[in-house]
Amino acid sequence: MELILGYILMAALGVAVGIIFGAVPGMTATMAVAVFLPLTYAFDMNTALYLLLGLYVGGISGGLVSAILINIPGTPSSICTTFDGHPMARRGEAERALKIGIVSSLMGGIFSLVCLWLLTPPLAKVAIKFGSVEKFLLILWAMTVIAALSKGSMTKGIFAGFLGVFIALIGEFTDNNMMRMVPGIFRRELRAGFQLLPALIGLFAVTQLFQEAESGMKATPLDDNVDLKSSRKFSMRDFKGQGVNVIRSAAIGTLMGILPGVGGSAASIMAYSQAKSFSKEPEKLGTGAVEGLVASESSNNGLTGGALVPLLSLGIPGDSTTAVLVGAFMLHGIQVGPLFISQNPDIWNTILIALLVCNLLMFAMMFYPLKWVAKIVKIPKMRVYPVVLLMCVVGAYATRSGVMFDIWSMLVFGILGYIFSKLKIPVAPFLIGFILGGDLETYFMDSLNGNDKSLLAFFTRPLGWAIWALIIVSVWYAVWDNRKGKKLEKAGMKD
Amino acid sequence: MADLFKLNYKYSTSHLVVPWIIGGIVALLAVILLIQRALRCKKEGKPFINLKGWRLFEPGYDKLKFWGSLALIAGYFYCLDKLHFLWSSLIFIFLLNVLYDGSINLKALFGRAEGPVIRVRPLLTSLVITVVFSVGIWYLFGTVFNITLP
Numbered sequence: 000m001e002l003i004l005g006y007i008l009m010a011a012l013g014v015a016v017g018i019i020f021g022a023v024p025g026m027t028a029t030m031a032v033a034v035f036l037p038l039t040y041a042f043d044m045n046t047a048l049y050l051l052l053g054l055y056v057g058g059i060s061g062g063l064v065s066a067i068l069i070n071i072p073g074t075p076s077s078i079c080t081t082f083d084g085h086p087m088a089r090r091g092e093a094e095r096a097l098k099i100g101i102v103s104s105l106m107g108g109i110f111s112l113v114c115l116w117l118l119t120p121p122l123a124k125v126a127i128k129f130g131s132v133e134k135f136l137l138i139l140w141a142m143t144v145i146a147a148l149s150k151g152s153m154t155k156g157i158f159a160g161f162l163g164v165f166i167a168l169i170g171e172f173t174d175n176n177m178m179r180m181v182p183g184i185f186r187r188e189l190r191a192g193f194q195l196l197p198a199l200i201g202l203f204a205v206t207q208l209f210q211e212a213e214s215g216m217k218a219t220p221l222d223d224n225v226d227l228k229s230s231r232k233f234s235m236r237d238f239k240g241q242g243v244n245v246i247r248s249a250a251i252g253t254l255m256g257i258l259p260g261v262g263g264s265a266a267s268i269m270a271y272s273q274a275k276s277f278s279k280e281p282e283k284l285g286t287g288a289v290e291g292l293v294a295s296e297s298s299n300n301g302l303t304g305g306a307l308v309p310l311l312s313l314g315i316p317g318d319s320t321t322a323v324l325v326g327a328f329m330l331h332g333i334q335v336g337p338l339f340i341s342q343n344p345d346i347w348n349t350i351l352i353a354l355l356v357c358n359l360l361m362f363a364m365m366f367y368p369l370k371w372v373a374k375i376v377k378i379p380k381m382r383v384y385p386v387v388l389l390m391c392v393v394g395a396y397a398t399r400s401g402v403m404f405d406i407w408s409m410l411v412f413g414i415l416g417y418i419f420s421k422l423k424i425p426v427a428p429f430l431i432g433f434i435l436g437g438d439l440e441t442y443f444m445d446s447l448n449g450n451d452k453s454l455l456a457f458f459t460r461p462l463g464w465a466i467w468a469l470i471i472v473s474v475w476y477a478v479w480d481n482r483k484g485k486k487l488e489k490a491g492m493k494d
Numbered sequence: 000m001a002d003l004f005k006l007n008y009k010y011s012t013s014h015l016v017v018p019w020i021i022g023g024i025v026a027l028l029a030v031i032l033l034i035q036r037a038l039r040c041k042k043e044g045k046p047f048i049n050l051k052g053w054r055l056f057e058p059g060y061d062k063l064k065f066w067g068s069l070a071l072i073a074g075y076f077y078c079l080d081k082l083h084f085l086w087s088s089l090i091f092i093f094l095l096n097v098l099y100d101g102s103i104n105l106k107a108l109f110g111r112a113e114g115p116v117i118r119v120r121p122l123l124t125s126l127v128i129t130v131v132f133s134v135g136i137w138y139l140f141g142t143v144f145n146i147t148l149p
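Listed in order, the protein sequences are those of chains A and B.
With numbering that gives the first Met the number 0, the residue at position 324 of the first sequence is 323, and numbering never jumps.
With numbering that gives the first Met the number 0, the residue at position 75 of the second sequence is 74, and numbering never jumps.
Now the structure itself:
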């Protein structure tokens with residue numbers, strides 16, 4: 000009983016902190032998970048999962064608060080929530096909009112949990128049959144998917160992905176114990192390459208700190224026209240006729256989560272555009288329609304379970320936050336991939352239960368104390384970031400129990416992420432490339448060594464052919480989508 | 000024919016196979032990105048390299064807070080190794096707080112602007128936040144959870 004209470008308390012802590020990170024513009028769910036990873040050193044894997052999944056669910060859901068109240072998405076995944084949520088708030092329906100968003104988030108989260116439960120075990124069963132060739136091709140497919148879905152920046156997306164792989168190769172090659180790409184003075188520190196945790200914290204927390212410092216750590220501008228007290232009340236009747244919209248949007252969110260490297264913003268935009276296409280009154284979307292709000296919020300929470308499907312069945316993170324979760328599994332010496340469920344049935348069950356508990360807690364902690372939740376947007380960022388930096392230091396230093404180099408590498412990755420943001424190079428593909436880089440090399444070399452060093456090894460197995468088909472489809476889609484985008488751009492310029 | 004698809008590498012140099020391939024792909028993609036930019040510039044009639052008017056930072060960015068953050072973070076990390084985690088944190092987290100809330104007006108301090116040099120209330124808030132969180136995190140992680148701290 001004490002253990003269960005402990006888990007629930009951990010989940011509640013995670014959800015509460017996640018909601019704060021989600022609701023304060025500029026801070027994200029990924030940042031919350033990255034910053035709180037060091038806390039998990041002190042706990043067993045199950046307890047850590049309750050905390051981290053709480054941060055994930057709370058972080059994704061919290062974004063709706065600032066999106067609705069001040070028209071600034073708290074996290075990128077709630078970008079479409081601003082389209083209808085804020086107009087509703089301005090016309091005196093702030094409470095109604097917030098509660099519709101919270102209920103939609105819950106429904107999206109539960110839908111994705113069911114998908115996670117149903118899809119992961121069969122996918123893992125197929126993946127168990129994979130040899131080095133298929134595993135290599137699978138990572139290659141993940142890289143092409145990143146390219147296919149990097150809207151408007153296909154080349155930059157794939158460039159970032161391969162740059163991540165390249166940086167992951169720095170250090171010792173375990174087959175022949177030879178070092179590569181390591182300056183002499185860092186031979187000891189970089190023997191095992193750059194550590195994942197400092198890289199994660201640097202890319203998602205330190206980068207954000209620099210961006211906020213650049214814009215002066217200004218207080219979030221509040222909207223005086225929004226008043227929670229006198230706003231129209233919420234009723235479950237608001238969901239009348241929204242059943243199909245909820246399921247369609249949650250399914251889009253889950254599917255986008257399953258595809259590697261796709262974030263919540265893409266899921267939200269796609270679900271919103273689909274809701275508009277299927278709407279009987281599409282002209283009303285964007286003016287404060289319940290339909291648009293429901294689509295955005297059920298899709299971004301639909302992402303949470305979806306992004307865990309490829310992570311737990313194939314070892315490939317579905318989005319940047321699940322990429323951070325890889326760090327947590329690594330800290331506890333657990334390998335994610337096809338054997339994860341069969342080797343760790345307890346942890347698999349914990350993930351399912353924890354995700355359910357976190358979704359329910361998210362609902363309870365946002366729906367009822369709404370007046371308090373609305374105040375989160377007033378938290379001054381200038382007071383939060385110095386504390387975040389403290390947590391970053393603890394996390395980076397604890398990675399290898401006391402190597403100062405890891406703290407400096409966190410700063411280097413922070414500066415790198417900042418430069419990426421200036422050059423409009425997406426960080427998520429870089430991170431996924433960085434995480435999968437080591438495996439990509441191992442599987443590539445194993446495939447060659449087992450087949451007389453011949454590249455034909457990648458074309459001889461039927462399962463490999465199936466993955467090649469997927470690669471061809473995603474490359475074709477990438478080219479088609481890029482051309483379509485350019486045509487639309489031209490048409491727009493002519494108009 | 001099959002030999003065409005064979006990679007020639009020795010065991011002793013096998014660690015360089017993938018870095019060369021991936022490095023080549025990264026270089027190729029970088030060239031493609033440059034070509035794309037060149038084509039776009041040609042179409043729009045803009046020069047390929049236009050340093051005039053180019054800026055890395057947003058117009059009117061907060062120089063003091065940006066460069067101050069970078070300097071304080073670098074100083075903090077340097078001192079972590081020299082001082083204790085707690086002492087370094089108390090000093091630098093306080094300085095970061097002061098930098099962000101503007102409780103010490105540097106312009107007024109050097110006579111370049113009018114107004115009070117120190118605003119007591121935000122300065123006290125900075126002090127309280129620094130002490131509570133630095134000591135709290137040091138105690139929680141270092142003592143309760145037994146996690147190695149600098």
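Glycine is no exception: its CB is placed at the ideal position from the N, C-alpha and C atoms.
Every value quoted in this text rests on a predicted model; they were computed, and no experiment measured them.
Nearest candidate by alpha-carbon position, reference residue i, set the options
{"i": "A/S500", "options": "A/S298, A/A490, A/D480, A/G463", "result": "Outside the modelled stretch of chain A, which goes from 0 to 494, sits residue 500 of chain A, for which no answer is possible."}
{"i": "A/G317", "options": "A/V243, A/L258, A/I340", "result": "A/L258"}
{"i": "A/Q194", "options": "A/E213, A/I166, A/G215, A/M177", "result": "A/I166"}
{"i": "A/K98", "options": "A/F185, A/L63, A/G201", "result": "A/L63"}
{"i": "A/G361", "options": "A/G5, A/Y6, A/L12", "result": "A small fix is needed here, since residue 361 of chain A is Met in this sequence, not Gly. For the residues A/G5, A/Y6, A/L12, the minimum Cα distance to A/M361 belongs to A/L12."}
{"i": "A/M30", "options": "A/G240, A/M269, A/Q207", "result": "A/Q207"}
{"i": "A/G314", "options": "A/G100, A/W116, A/A126, A/M235", "result": "A/A126"}
{"i": "A/G336", "options": "A/V56, A/P120, A/L351", "result": "A/P120"}
{"i": "A/I78", "options": "A/A294, A/L351, A/E171, A/A146", "result": "A/A294"}
{"i": "A/P461", "options": "A/I138, A/R236, A/F129", "result": "A/F129"}
{"i": "A/K228", "options": "A/T143, A/I138, A/W371", "result": "A/W371"}
Residue i vs residue j beta-carbon contact at 8 Å
{"i": "A/F20", "j": "A/G58", "result": "yes"}
{"i": "A/P425", "j": "A/G163", "result": "no"}
{"i": "A/S103", "j": "A/V14", "result": "no"}
{"i": "A/E282", "j": "A/G107", "result": "no"}
{"i": "A/S453", "j": "A/W140", "result": "no"}
{"i": "B/G88", "j": "B/S102", "result": "Residue identity check: residue 88 of chain B is Ser in the sequence provided, not Gly. Not a contact, by the Cβ cut-off of 8 Å."}
{"i": "B/P18", "j": "A/M180", "result": "yes"}
{"i": "A/P72", "j": "A/T27", "result": "no"}
{"i": "B/L123", "j": "A/L388", "result": "no"}
{"i": "A/L495", "j": "A/C357", "result": "In the structure as shown, chain A begins at 0 and stops at 494. Residue 495 of chain A is therefore absent and cannot be evaluated."}
{"i": "A/I67", "j": "A/A96", "result": "yes"}
{"i": "A/T39", "j": "A/A47", "result": "yes"}
{"i": "B/K64", "j": "A/M216", "result": "yes"}
{"i": "B/D80", "j": "A/S214", "result": "no"}
With 16 other Cβ atoms within 10 Å as the buried cut-off, status of residue i
{"i": "A/K134", "result": "buried"}
{"i": "A/Y367", "result": "exposed"}
{"i": "A/S341", "result": "exposed"}
{"i": "B/F140", "result": "buried"}
{"i": "B/E57", "result": "exposed"}
{"i": "A/Q241", "result": "buried"}
{"i": "B/Y138", "result": "exposed"}
{"i": "B/I31", "result": "exposed"}
{"i": "A/L4", "result": "exposed"}
{"i": "A/W479", "result": "exposed"}
{"i": "A/L487", "result": "exposed"}
{"i": "B/N145", "result": "exposed"}
{"i": "A/F161", "result": "buried"}
Chain A residues whose Cβ lies nearer than 8 Å to that of residue i
{"i": "B/A37", "result": "In chain order: nothing, as chain A lies at least about 13 Å away."}
{"i": "B/T147", "result": "Y396, A397, S400, G401"}
{"i": "B/V17", "result": "L168, L439, E440, F443, M444"}
Residue i: contacting residues in chain A (beta-carbon distance under 9 Å)
{"i": "B/L79", "result": "V392, Y396, M403, I406"}
{"i": "B/V25", "result": "F158, F161, L162, V164, F165"}
{"i": "B/I31", "result": "T154, F158"}
{"i": "B/I128", "result": "R382, P385, V386"}
Interface residues of chain B facing residue i [CB-CB closer than 8 Å]
{"i": "A/K452", "result": "K5, L6, N7, Y8"}
{"i": "A/S214", "result": "E57, Y60, D61"}
Contacts of residue i in chain A (Cβ-Cβ under 7 Å)
{"i": "B/S102", "result": "Within 7 Å Cβ-Cβ: nothing; B/S102 doesn't reach chain A, min ~10 Å."}
Chain-ordered neighbours of residue i on chain B, where CB pairs are closer than 7 Å
{"i": "A/L208", "result": "S68"}
Quiz item: Along the chain, which unbroken stretches of the alpha helix (DSSP H) at least 4 residues long are found entirely within the segment 12–94 of chain B?
Solution: 16–43, 62–81
Exercise. Report the residue ranges of all beta strand (DSSP E) runs contained in full by the segment 188–266 of chain A; include only those spanning at least 3 residues, in chain order.
Key: none
Quiz item: In the segment 277–326 of chain A, which residue ranges form an unbroken beta strand (DSSP E) of at least 3 residues, counting only runs that do not cross its ends?
Solution: none
Quiz item: At what residue ranges does the segment 34–111 of chain A contain a whole run of the alpha helix (DSSP H), taking only runs of 4 or more?
Solution: 44–69, 80–87
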